[in-house]
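J.:
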Amino acid sequence: MDSADPARAFVKDVKRIIIKVGTAVVTRGDGRLALGRMGSLCEQIRELTSQGFEVILVTSGAVGVGRQRLRYRKLINSSFADLQKPQADLDGKACAAVGQNGLMALYDTLFSQLDVTSAQLMVTDNDFRDPDFRRQLNETVNSLLCLKVVPIFNENDAISTRKAPYEDSSGIFWDNDSLAALLALELKADLLVLLSDVEGLYTGPPSDPQSELIQTYVKEKHEGLITFGDKSRVGRGGMTAKVKAAVYAAYAGIPVVITSGFANNNIIKALDGQRVGTLFHCEAIKWASIGDFDAREMAVSARECARRLQTLSSQERSKILLDIADALEAKEEEILAENEADVAAAQQAGYENSLISRLAMKPGKISSLANSVRVLANMDEPVGRILKRTELADGIILEKTSSPLGVLLIIFESRPDALVQIASLAVRSGNGLLLKGGKEAKRSNAILHKVITSSIPPTVGERLIGLVTSREEIPELLKLDDVIDLVIPRGSNKLVSQIKAATKIPVLGHADGICHVFIDKSADLDMAKRIVLDAKTDYPAACNAMETLLVHEDLVQTGGLNDLILELQEKGVSLFGGPKASSVLSIPEANSFHHEYGALACTVEIVEDVNTAIEHIHRHGSAHTDSIITEDKEVAELFLRQVDSAAVLHNASTRFSDGFRFGLGAEVGISTSRIHARGPVGVEGLLTTRWLARGSGQVVDGDKEIVYTHRDLNLEA
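In this note's numbering, the protein residues as written are 191 to 907.
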């Protein structure tokens, strides 16, 4: 669990849990019992009891099961003539009596298979009016829980005096949702889980595409704004009853989660602190003031602020960046102190050295970041540039112009300096921004975000750049394809792959940084040593660091390879070989050519010629950055033309593949995509285009009276 998420921090104190499962969950659409869902529920309860939790189950479903069974009995005992007559409704109390027997028999069977013992407790509304009953109830339940028995409660509908159970809401409780809430208070539960046939509480009917899942219910915010749909297809109250019960329990001090009983392991996920369903808590209003749990609100605010940013002049946007640069330098001491705290915590937690290296902000880093922001501030205005002017017809001019993308979601790991680069690029390009950094850099990210947003004028709004502090926000943000326009993940292969698989929003990024350097037979070996050592050792954790060294086979015979291998080893680089290199150089064989070390290690292989090198790169590379070292210009041109990577270099280190070094001012990342932007992505990669047409009253009217000229014009009007 992410401890930065206060709305899920309560789970650490949970011991006793009450789970209420509704009729729609325990039965199928035809009224028969849903064996798969009930089995999954029992397995979750077994897992919880094995972890030391005390679990109490409140179940519905008896009436539905009994009705299905009695209909069947009535059908087989009726004549054809009887079936032609109008059929009276079955007595609900008889249905309850018949169904309860079958329902409990199934629970007993399922729990027995899991080596769990259960007990049945039937109650009515009138029972709770008796203080002796309530005292005995507590004693019995406590005794059962001490014996590791799961108590299963249900209202005894067969003998209930309630006359109209679907409308009568008088009394101490009026359905199994309110019974569960009453038991939660009576038995001093730490958590109440209400299982439903939908994910949780929505702002409207769940079938309505405009309805949104409410992660945390805030009575002051949501009461009166929610539109409920139909009642449960088979139960009494549906979501209205659940919300009423949840509010009752939550404001009495017991947290409540309404979540889907159809999804796998949702109860366990809730107890792991994951955001599943809707949370009701008496302190929810305090978390609402933090404003970090409403993903859509954050994204919408970023878009609104971005539109205000776009109305500013180029000079006004530049001034914001210059103010940010000055603020960074003014707060350098405070920023470095927070970063040092992050580094110390990461070391204590045992993080890998490569991650700690990316996390640490070395001396001079703040000054370097401030200077890169000033470079962006002083660059030519990127937004609203006229890219093409065309006369469509006499008196109507069309312009193709550069335009911001909208709202960007950037997810990055470890490197807090990335936050500064990305935020400054967003301001320069007129985009709204949501940032989610790694938890290992939370102090650094928080102070940098504070410094940057404090430099944004009120006319734009500091919510132009939002900082997401909980990883549980990410799944909700990735659903907002109507508000967020581009996701850029910066980090591990696993991170990028997970993001791509979880969203319909376009994703810009690379999954691997497997960069190659090929030393041709005609290479200047002194130059080759300098380039290879730089590509591997300058910053081993960078995505543009060399991971595979390819060497022409002629250099093995001339001995030119040996000196380079010794140099790498002296610098502390661990070497792993392909089939040929491991044999020739007596080094361990690499497990795979497609491997990003991110550390002082690399793979070495011997190839026949430049064509074999190109084939190897295409087969095992990641289309990121690759370099050739050669004095043969024809070989160099062949390599530059044929290697299909985002950046291809001749006689230069792969470390040059970087937004700042390419003169882009900064970068949000390096893209290996082939659509929109490729390679280091700077300001231009965060822009799209739009069309502006200026006419003088023209209409199409079937193109009868218009003569198209489609004449190219100078960009200057």
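Heads up, the beta-carbon is just placed ideally off N, CA and C, and yes, glycines get one too. For clarity, every value in this text was computed on a predicted model and none was experimentally measured.
Take the Cβ of residue 921 as the centre, count every other Cβ of all protein chains shown within 10 Å, and call the residue buried at 16 or more, exposed below.
T.: Past the boundaries of the shown model lies residue 921; the chain is included only from 191 to 907, so the question cannot be answered.
J.: State the DSSP-derived secondary structure class of residue 617, mapped to helix, strand or coil.
T.: The residue you call residue 617 lines up with position 427 of the sequence shown. Looking at residue 617 - three-state DSSP - the assignment turns out to be helix.
J.: Is residue 911 helix, strand or coil by DSSP?
T.: This structure does not reach residue 911, given that the chain is present from 191 up to 907, and the question cannot be answered.
J.: Count the other CB atoms within 10 Å of the CB of residue 617; is the residue buried (16 or more) or exposed (fewer)?
T.: Looking up residue 617 in the sequence shown gives position 427. So residue 617 ends up on the buried side.
J.: What would DSSP say about residue 392, mapped onto helix, strand or coil?
T.: The count along the sequence shown starts at 1 and reaches residue 392 at position 202. Here residue 392 sits in strand by DSSP.
J.: Does the region 518-538 come close enough to the region 647-658 that 3 or more CB-CB pairs lie under 8 Å?
T.: They do not touch, by the three-pair rule.
J.: Apart from the five residues just before and just after residue 656, which ones in its own chain have a Cβ nearer than 6 Å to its Cβ?
T.: Here residue 656 is taken as the residue at index 466 of the sequence shown, counted from 1. So the qualifying residues of the chain are 488, 492, 624.
J.: Check each candidate in 363, 313, 612 and name the one with the smallest Cα separation from residue 964.
T.: Because the chain in this structure spans residues 191 to 907, residue 964 falls outside the shown range and cannot be described.
J.: Bridge partners of residue 344, per DSSP?
T.: The count along the sequence shown starts at 1 and reaches residue 344 at position 154. Bridge partners of residue 344: 312.
J.: Give the DSSP bridge partners of residue 217, in chain order.
T.: Taking the first residue of the sequence shown as position 1, residue 217 is located at position 27. BP columns for residue 217 point to 223.
J.: Skipping 5 residues on each side, what residues in its chain have a beta carbon closer than 7 Å to that of residue 826?
T.: Counting from one through the sequence shown, the residue named residue 826 turns up at place 636. Closer than 7 Å at Cβ, skipping near neighbours: 818, 820, 840.
J.: Where in the region 722-774 do unbroken runs of the alpha helix (DSSP H), each at least 4 residues long, occur, reported from the N-terminal end onward?
T.: Segments of the alpha helix (DSSP H) lying fully in the region 722-774: 744-748, 750-760.
J.: Mind the definition here: the region 566-576 touches the region 500-514 only if three or more C-beta pairs lie below 8 Å; say whether that holds.
T.: Flag = yes, the region 566-576 and the region 500-514 touch.
J.: Evaluate the contact criterion for the region 386-398 versus the region 217-224: three or more CB pairs, one atom per stretch, below 8 Å.
T.: With the cut-off at 8 Å, the region 386-398 and the region 217-224 do not touch.
J.: Round the Cβ separation of residue 544 and residue 731 to the nearest angstrom and send it over; I've been treating them as touching at under 8 Å.
T.: If you number the sequence shown from 1, residue 544 lands on position 354. If you number the sequence shown from 1, residue 731 lands on position 541. Indeed they touch by this definition, with Cβ atoms about 4 Å apart.
J.: Taking only three categories from DSSP, how would you classify residue 815?
T.: Residue numbering aside, residue 815 sits at position 625 when the sequence shown is read from its first letter. Strand.
J.: To the nearest angstrom, how far is it from the Cα of residue 376 to the Cα of residue 382?
T.: The residue given as residue 376 occupies position 186 in the sequence shown. The residue given as residue 382 occupies position 192 in the sequence shown. Going from the Cα of residue 376 to the Cα of residue 382 covers about 12 Å.
J.: Note the first and the last residue of the continuous alpha helix (DSSP H) segment covering residue 487.
T.: Numbered from 1 along the sequence shown, position 297 holds the residue referred to as residue 487. 485-500 is the span of the alpha helix (DSSP H), which, as asked, contains residue 487.
J.: Within 10 angstroms of the Cβ of residue 193, are there 16 or more other Cβ atoms? Answer buried if so, exposed if not.
T.: The count along the sequence shown starts at 1 and reaches residue 193 at position 3. With a pLDDT of 40 at residue 193, under the threshold of 50, the modelled position of this residue cannot be trusted; read the value that follows with caution. It is exposed - the Cβ of residue 193 has fewer than 16 other Cβ atoms within 10 Å.
J.: Tell me which residues share the same chain as residue 719 and place their Cβ nearer than 8 Å to its Cβ, disregarding the 5 neighbours each side in the sequence.
T.: The count along the sequence shown starts at 1 and reaches residue 719 at position 529. Excluding residues within five positions, the ones whose Cβ falls inside 8 Å are 753, 754, 757.
J.: Answer with buried or exposed for residue 364, where buried requires no fewer than 16 other C-beta atoms within 10 angstroms of its C-beta.
T.: As a first step, residue 364 must be located in the sequence shown, where it is residue number 174. Classification for residue 364: buried.
J.: May I have the straight-line CA-CA distance separating residue 553 from residue 547, to the nearest angstrom?
T.: If you number the sequence shown from 1, residue 553 lands on position 363. If you number the sequence shown from 1, residue 547 lands on position 357. Looking at the two C-alpha atoms, the distance is approximately 13 Å.
J.: Using 8 Å as the cut-off, can you tell me whether the region 514-527 makes contact with the region 692-702, which would need three or more C-beta pairs spanning the two stretches below that distance?
T.: Contact fails: fewer than three Cβ-Cβ distances are below 8 Å.
J.: Just to check my reading of the structure: residue 790 and residue 777 have Cβ atoms closer than 8 Å, yes? What is that Cβ distance to the nearest angstrom?
T.: The residue you call residue 790 lines up with position 600 of the sequence shown. The residue you call residue 777 lines up with position 587 of the sequence shown. In fact, because the Cβ distance is near 14 Å, the residues do not count as touching under 8 Å.
J.: For the 8 Å Cβ check, are there 3 or more pairs between the region 869-885 and the region 836-854?
T.: The region 869-885 vs the region 836-854: in contact.
J.: As a quick exercise: from 806, 232, 240, 331, pick the residue whose alpha carbon is nearest that of residue 451.
T.: The residue given as residue 451 occupies position 261 in the sequence shown. Closest by alpha carbon: 232.
J.: For residue 909, I'd like the list of residues in its chain whose CB is within less than 6 Å of its CB, leaving aside the five on either flank, ordered along the chain.
T.: No information on residue 909 is available, as it lies outside the stretch 191 to 907 that the chain covers here.
J.: For residue 357 and residue 302, what's the separation of their Cα atoms in angstroms?
T.: Indexing the sequence shown from 1 puts residue 357 at position 167. Indexing the sequence shown from 1 puts residue 302 at position 112. Interpretation of residue 357 is limited by its pLDDT of 39, a score under 50 that renders its predicted location unreliable; no figure is taken from the coordinates.
J.: Taking the alpha helix (DSSP H) that residue 428 falls in, what are its first and last residues?
T.: In the sequence shown, counting from the first residue as 1, residue 428 sits at position 238. Residues 428-440.
J.: Just to confirm, is the Cβ distance from residue 366 to residue 250 under 9 Å?
T.: As a working note, residue 366 is residue 176 in the sequence shown. As a working note, residue 250 is residue 60 in the sequence shown. A contact, by the Cβ cut-off of 9 Å.
J.: Would the beta-carbon of residue 555 be found less than 8 Å away from any heavy atom of the ligand SAM?
T.: Among the components modelled here there is no ligand, and therefore nothing to report on the ligand SAM.
J.: Measuring CA to CA, which of 807, 285, 685, 458 is closest to residue 833?
T.: Residue 833 sits at position 643 when you count from the first residue of the sequence shown. Minimum Cα distance to residue 833 is reached at 807.
J.: For the candidate residues 597, 550, 853, whose alpha-carbon lies nearest to that of residue 494?
T.: Position 304 of the sequence shown holds residue 494. Checked all of 597, 550, 853; the closest Cα to residue 494 is 597.
J.: For residue 592, which residues from the same chain have a beta carbon less than 7 Å from its beta carbon, with the 5 sequence-adjacent residues on both sides left out?
T.: Position 402 of the sequence shown, counting from 1, holds the residue named residue 592. Cβ neighbours of residue 592 beyond the five flanking positions: 572, 573, 574, 575, 577, 877, 879.
J.: What residue from 299, 875, 903, 333 has the CA that sits closest to residue 582's CA?
T.: For the purposes of this step, residue 582 is taken as residue 392 along the sequence shown, with counting starting at 1. Closest option to residue 582, Cα to Cα, is 903.
J.: Could I get the ranges of all uninterrupted alpha helix (DSSP H) runs contained in the region 555-632, with 4 residues as the minimum, in chain order?
T.: Runs found: 555-567, 607-619.
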